[in-house]
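Enquirer: In our numbering, the protein residues as written are 1 to 268. One structure follows; several queries about it will come next.
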Amino acid sequence: MTTQDTSGMFAEERREQILALLEREKRVLAKDLAEKFQISIDSIRRDLTLMHEQGLLRKTHGGAIASTKVRQQPPPLEMRYGEGSPQGNAVAKLAVSYLRPNDTVFIGSGSLAYVLLKHLPDGLPLTVVTNSIRVADALRERDGIETYLIGGRVKRSGNITDVIANEFIRQFKFDIGFVTGGGVSDEGVFVSTPEVAAFGRAVIAASRRAIGMTTHRSLGNDGFAKTGGIEGLDLLVTDWDADPDAIERIRALGVKVVVAQAEEYERE
């Protein structure tokens with residue numbers, strides 16, 4: 001039987017519109033939906049619960065995020081190596097605040113790792129090891145930064161993650177290894193392929209301190225290939241839009257989570 005609510009819209013039609021909003025915005029808030037559809041927030045919560053149970057979205061504290069497939073395709077290169085979102089920039093800016101002069105650092109090939117480069121303080125002496133030709137190229141003329149590029153087969157993206165790279169990384173020890181993934185949750189850090197996951201595990205093992213970076217778009221998501229348990233991180237940096245429930249599940253496992261605020265980035 002088809003049901004209709006007090007707004008004059010059939011419930012099924014409303015849920016279709018919610019999915020369309022999620023497709024565009026990737027995240028919705030229950031209070032905003034209640035106002036938009038002119039129904040009670042309890043009715044919206046029932047909608048979100050039902051759609052969560054059907055696998056159409058993921059219900060979060062105060063709203064919902066788009067349901068993600070287990071295996072995500074990497075974003076186009078122009079997006080992966082762009083300027084980054086306000087949230088991504090805030091995460092990167094907070095993450096680099098943990099660097100100290102003369103640290104040896106691993107910076108990988110993810111979009112957040114690339115955004116991190118522009119927030120490295122001028123004149124801060126560092127030794128950087130990377131598996132990304134783009135990262136190495138961006139750093140090669142930076143004063144005070146000595147850059148090492150991991151060897152191995154170069155993918156079309158300019159990244160190097162094969163078995164040779166995996167063995168290569170074992171020759172190093174890092175003060176800090178920055179870790180990113182397409183999904184980060186209490187289940188672990190997830191990437192697109194087993195090869196990349198194996199490389200990520202080698203980076204974490206070589207790092208005295210592993211610092212995870214993720215925006216709200218990836219936090220709480222699982223994925224196809226697991227780099228390791230979330231407990232392998234010493235610290236996780238995320239942004240102000242992150243789901244509080246996802247943060248608390250990670251903190252319950254003993255991982256420190258710090259949240260970058262919008263005003264911290266805007267002061268730059």
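Glycine included, every Cβ here is placed at the ideal spot set by N, Cα and C.
1) Using C-beta distances below 6 angstroms, list every residue in its chain close to Ile-107, excluding the 5 sequence neighbours before and after it, in chain order.
2) What whole-angstrom Cβ distance do Gly-110 and Gly-144 have, given they're in contact under 8 angstroms?
3) Please determine, among Lys-173, Arg-58, Val-184, Ser-207, the residue with the shortest C-alpha to C-alpha distance to Thr-215.
4) So is Asn-221 buried or exposed if we call it buried at 16+ other beta carbons inside 10 Å?
5) Based on Cα-Cα distance, which residue from Gly-228, Arg-209, Ile-176, Gly-212 lies nearest to Arg-201?
6) Comparing alpha-carbon positions, which option in Ala-205, Leu-94, Leu-235 lies nearest Phe-174?
7) According to DSSP, is Phe-224 part of a helix, a strand, or is it coil?
8) Rounded to whole angstroms, how far is the Cβ of Ala-138 from the Cβ of Leu-116, which I believe are closer than 8 angstroms?
9) Grab me the residues of Asp-103's own chain with a C-beta within less than 7 angstroms of its C-beta, minus the 5 sequence neighbours each way, in chain order.
10) For the beta strand (DSSP E) containing Ser-185, list its first residue and its last residue.
11) Would you identify the three-state DSSP class for Arg-157, choosing helix, strand or coil?
12) What are the boundary residues of the alpha helix (DSSP H) that Asp-32 is part of?
13) Ile-160: buried (16+ other C-beta within 10 angstroms of its C-beta) or exposed?
14) From what residue to what residue does the alpha helix (DSSP H) around Gly-88 run?
15) Taking Leu-219 and Ala-242 to be in contact with their CB atoms under 8 angstroms, please state how far apart those CB atoms are, rounded to whole angstroms.
16) Relative to the C-alpha of Glu-23, which residue among Arg-209, Thr-238, Arg-58 is closest?
17) Run the CB neighbour count on His-119, radius 10 Å, all protein chains shown included, and call it buried at 16 or more, exposed below.
18) Going by Cα to Cα distance, which pick from Ala-90, Gln-17, Ile-247 is closest to Ala-260?
Expert: Per the coordinate set shown:
1) Along the sequence shown, one-based indexing puts residue 107 at 107. So the list reads Ala-113, Val-128, Thr-130, Val-135, Phe-178, once near-sequence residues are dropped.
2) In the sequence shown, counting from the first residue as 1, residue 110 sits at position 110. In the sequence shown, counting from the first residue as 1, residue 144 sits at position 144. No, Gly-110 and Gly-144 are not in contact; Cβ-Cβ is about 24 angstroms, not under 8 angstroms.
3) Along the sequence shown, read from residue 1 onward, the residue named residue 215 stands at position 215. Of the listed residues, the one whose Cα sits closest to Thr-215 is Val-184.
4) Within the sequence shown, residue 221 is the residue found at index 221, counting from 1. Taking a 10 Å sphere around the C-beta of Asn-221, we find 16 or more other C-beta atoms and assign the residue as buried.
5) Counting from 1 along the sequence shown, the entry for residue 201 is found at position 201. Arg-201 has its Cα closest to that of Gly-228, out of Gly-228, Arg-209, Ile-176, Gly-212.
6) Counted from its first residue, the sequence shown places residue 174 at position 174. That would be Ala-205, whose Cα lies nearest to the Cα of Phe-174.
7) Locating residue 224 in the sequence shown gives position 224, counting from the first residue. DSSP, read as helix, strand or coil, puts Phe-224 in coil.
8) For the purposes of this step, residue 138 is identified with residue 138 of the sequence shown, where counting begins at 1. For the purposes of this step, residue 116 is identified with residue 116 of the sequence shown, where counting begins at 1. About 10 angstroms separates the Cβ atoms of Ala-138 and Leu-116, ruling out a contact at the 8 angstroms cut-off.
9) Along the sequence shown, one-based indexing puts residue 103 at 103. These residues qualify, in order along the chain: Leu-126, Asp-175, Ile-176.
10) Position 185 of the sequence shown, counted from the first residue, corresponds to residue 185. 183-185 is the span of the beta strand (DSSP E), which, as asked, contains Ser-185.
11) Counted from its first residue, the sequence shown places residue 157 at position 157. Reading off the sequence shown, one finds Ser at residue 157, where the question assumed Arg. Residue state, collapsed to three classes: coil.
12) Counting from 1 along the sequence shown, the entry for residue 32 is found at position 32. 30-37 is the span of the alpha helix (DSSP H), which, as asked, contains Asp-32.
13) For the purposes of this step, residue 160 is taken as the residue at position 160 of the sequence shown. With 16 or more other CB atoms across the displayed protein chains lying within 10 angstroms of its CB, Ile-160 is buried.
14) As a working note, residue 88 is residue 88 in the sequence shown. Membership of Gly-88 in the alpha helix (DSSP H) is indicated by the continuous run 86-96.
15) The residue labelled residue 219 in the question sits at position 219 within the sequence shown. The residue labelled residue 242 in the question sits at position 242 within the sequence shown. The Cβ separation is near 5 angstroms, so the contact holds.
16) The residue labelled residue 23 in the question sits at position 23 within the sequence shown. Answer by Cα proximity: Arg-58.
17) Translated into positions along the sequence shown, residue 119 becomes position 119. His-119 should be labelled buried.
18) Numbered from its first residue, the sequence shown carries residue 260 at position 260. Out of Ala-90, Gln-17, Ile-247, Ala-90 has the C-alpha closest to the C-alpha of Ala-260.
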